[in-house]
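Trainee: The opening residue of the sequence shown carries number 20 in our numbering; numbering runs sequentially from there.
Just so you know, even glycine gets a beta-carbon here, dropped at the ideal spot from N, CA and C.
Mind looking over this structure? Questions follow.
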Amino acid sequence: MQRIRVLVVDDHRIFAESLAAALAAEQDVDVAAAGSAPAALRNLDRAVTDGRRFDVLLADADLAAPLLAVPAQGAAREQVVPRSCPRDGIALVSGLRTSHPYLRTVVVADRDDPRRAAAALQAGASGWVAKDCSLSRLLAVIRGVLRDETHLPPALLTGVLRELTAARKHRSESERLVESLTPREREVLRCMVAGLGRKAVAERLFLSPHTVRTHMQNVLGKLGVHSTLAAVALARRAGVGPVELEAATAVP
């Protein structure tokens, strides 16, 4: 019998442990629980190292964001949660699509929400289930996603399809606007997506700050937005990624 390895990720310990115990009662299921995104990532990495990687991850949609603590002087560096850490269950799923592409992910939610369910599917999730669904239903979803099936509650199908259609429409419009930019303006936009300010963009592109300011104004005008944040959001919808930032080199 081929066993299924499942990782439950939920910051509500009682729920996580209860669900893990219920799943573990199945003869073909091995299960572990993690109480946060960082703990989940550690479990996944350790499992790969041990040659016993997980097959399915069940992630709480409302997984609490870890605190960004600033350690006191002399405190251990490991206590600080990096700012790149996933902020919720859907963000965790999105990151795993790249770091653990073999893993099937299912988002578990307190309530049905077509918009968030659509976002979960776009992030790479294979399913969305309610926390109060039956164990038999959850097991059917787990086994189904391992057959490359996508699982949604029937009541969500229409709303999710509407959200996905709207997202494609917005993406097409965003792509059309980005295509109206000149090559130099697109380069400036990629710098903006990377979070570079006007001075940093000028240094990178060997331009004067005044010229960069003009390019940025042109970008905002052609994209029909009024702020850098709005331009970056539109660029991401259009699939525009940031420029690659060179790692700083130490001075001997």
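Checking 8 Å against the spacing of the C-beta atoms, do VAL77 and ASP107 come in under that value?
Mentor: For the purposes of this step, residue 77 is identified with residue 58 of the sequence shown, where counting begins at 1. For the purposes of this step, residue 107 is identified with residue 88 of the sequence shown, where counting begins at 1. Note that residue 77 corresponds to Leu in the displayed sequence, not to Val. Taking 8 Å as the Cβ cut-off, LEU77 and ASP107 do not qualify as a contacting pair.
Trainee: With GLY108 as the anchor, note down where its alpha helix (DSSP H) starts and where it stops.
Mentor: Walking along the sequence shown from the start, residue 108 turns up at place 89. That run of the alpha helix (DSSP H) goes 108-118.
Trainee: In angstroms, rounded to a whole number, what distance separates the CA positions of ARG232 and ARG217?
Mentor: Taking the sequence shown and counting its residues from 1, the one referred to as residue 232 is at position 213. Taking the sequence shown and counting its residues from 1, the one referred to as residue 217 is at position 198. When rounded, the distance between both Cα atoms is 7 Å.
Trainee: Looking at VAL207 and VAL251, is the spacing between their C-beta atoms short of 8 Å?
Mentor: As a working mapping, residue 251 is identified with position 232 in the sequence shown. As a working mapping, residue 207 is identified with position 188 in the sequence shown. For VAL251 and VAL207, no; Cβs fall outside 8 Å.
Trainee: Is the shortest distance between the beta-carbon of LYS218 and the beta-carbons of chain D less than 8 Å?
Mentor: Looking at the structure shown, chain D is missing, and only one protein chain is on hand.
Trainee: Report the residue from GLU198, GLU204, ALA257, ASP30 whose alpha carbon sits nearest the alpha carbon of GLY54.
Mentor: Within the sequence shown, the letter at position 35 stands for residue 54. Checking every option, the nearest Cα to that of GLY54 belongs to ASP30.
Trainee: Would DSSP call LEU76 helix, strand or coil?
Mentor: The residue labelled residue 76 in the question sits at position 57 within the sequence shown. It is a strand residue.
Trainee: Are there 16 or more other CB atoms within 10 angstroms of the CB of GLY70, so buried, or fewer, so exposed?
Mentor: Locating residue 70 in the sequence shown gives position 51, where the first residue counts as 1. The residue is exposed, with fewer than 16 neighbouring Cβ atoms inside 10 Å.
Trainee: Tell me which same chain residues have a C-beta within less than 6 Å of the C-beta of ARG24, skipping the five on either side of it?
Mentor: By one-based count along the sequence shown, residue 24 stands at place 5. Excluding positions up to five away in sequence, the list reads ASP49, PHE73, ASP74.
Trainee: Could you check the C-alpha separation between ALA128 and GLU182 for me, to the nearest Å?
Mentor: Sequence index remark: in the sequence shown, residue 128 carries index 109 (1-based). Sequence index remark: in the sequence shown, residue 182 carries index 163 (1-based). Rounded to the nearest whole angstrom, the CA to CA distance from ALA128 to GLU182 is 18 Å.
Trainee: From what residue to what residue does the alpha helix (DSSP H) around ARG162 run?
Mentor: Reading the sequence shown from its first residue, position 143 is the one you call residue 162. Start and end: 154-164.
Trainee: Since I believe LEU26 is in contact with ALA59 (beta carbons under 8 Å), could you give me their beta-carbon distance rounded to a whole number of angstroms?
Mentor: Position 40 of the sequence shown holds residue 59. Position 7 of the sequence shown holds residue 26. The Cβ separation is near 6 Å, so the contact holds.
Trainee: With a threshold of 7 Å on Cβ separation, who are the neighbours of ALA221 within its own chain once the five nearest residues in sequence on each side are excluded?
Mentor: Mapped onto the sequence shown, residue 221 falls at position 202. Here the set comprises SER227, PRO228, VAL231.
Trainee: For ASN62, which option in ASP47, PHE34, VAL28 has the closest C-alpha, if you only look at C-alpha atoms?
Mentor: For the purposes of this step, residue 62 is taken as residue 43 along the sequence shown, with counting starting at 1. Distance from the Cα of ASN62 is smallest, within the candidate group ASP47, PHE34, VAL28, for VAL28.
Trainee: Cβ of ARG209 within 8 Å of Cβ of GLY260?
Mentor: Walking along the sequence shown from the start, residue 209 turns up at place 190. Walking along the sequence shown from the start, residue 260 turns up at place 241. Yes, the Cβ-Cβ distance between ARG209 and GLY260 is below 8 Å.
Trainee: Measure the C-alpha to C-alpha separation of SER103 and GLY240 and round it to an integer number of angstroms.
Mentor: Reading the sequence shown from its first residue, position 84 is the one you call residue 103. Reading the sequence shown from its first residue, position 221 is the one you call residue 240. Here SER103 scores only 47 on pLDDT, less than 50, and its place in the model should not be relied on; the value that follows carries that caveat. Computed Cα separation, rounded: 31 Å.
Trainee: THR184: buried (16+ other C-beta within 10 angstroms of its C-beta) or exposed?
Mentor: Here residue 184 refers to the residue found at position 165 when the sequence shown is read from its first residue. THR184 should be labelled exposed.
Trainee: ASP64 lies in the alpha helix (DSSP H); which residues open and close that run?
Mentor: Residue numbering aside, residue 64 sits at position 45 when the sequence shown is read from its first letter. Boundaries of the alpha helix (DSSP H) around ASP64: 56-68.
Trainee: Rounding to the nearest angstrom, what Cα-Cα distance links ALA91 and LEU111 in this structure?
Mentor: The sequence position of residue 91 within the sequence shown is 72, counting from 1. The sequence position of residue 111 within the sequence shown is 92, counting from 1. Here the model assigns ALA91 a pLDDT of 44, short of 50, so the residue's position is not dependable, and the following value carries that caveat. Those two C-alpha atoms are separated by around 28 Å.
Trainee: In whole angstroms, what is the alpha-carbon distance linking ALA136 and THR117?
Mentor: Translated into positions along the sequence shown, residue 136 becomes position 117. Translated into positions along the sequence shown, residue 117 becomes position 98. The straight-line gap from Cα to Cα measures roughly 20 Å.
Trainee: To the nearest whole angstrom, what separates the beta carbons of VAL126 and VAL164, a pair I think is in contact under 8 Å?
Mentor: Here residue 126 corresponds to residue number 107 of the sequence shown, with the count starting at 1. Here residue 164 corresponds to residue number 145 of the sequence shown, with the count starting at 1. Not confirmed; about 11 Å, so no contact.
Trainee: Spatial neighbours of GLY178 within its chain, please: C-beta separation below 6 Å, excluding the five flanking residues on both sides.
Mentor: If you number the sequence shown from 1, residue 178 lands on position 159. PRO133.
Trainee: Can you tell me whether ILE109 is buried or exposed, with buried defined as 16 or more other CB within 10 angstroms of its CB?
Mentor: Here residue 109 corresponds to residue number 90 of the sequence shown, with the count starting at 1. ILE109 comes out buried.
Trainee: Along the chain, where does the beta strand (DSSP E) that runs through ARG123 open and close?
Mentor: Stepping through the sequence shown from its first residue, residue 123 is reached at position 104. Where ARG123 is concerned, the enclosing beta strand (DSSP E) starts and stops at 123-128.
Trainee: Buried or exposed for SER191, going by 16 or more other Cβ atoms inside 10 Å?
Mentor: Counting from one through the sequence shown, the residue named residue 191 turns up at place 172. The residue is exposed, with fewer than 16 neighbouring Cβ atoms inside 10 Å.
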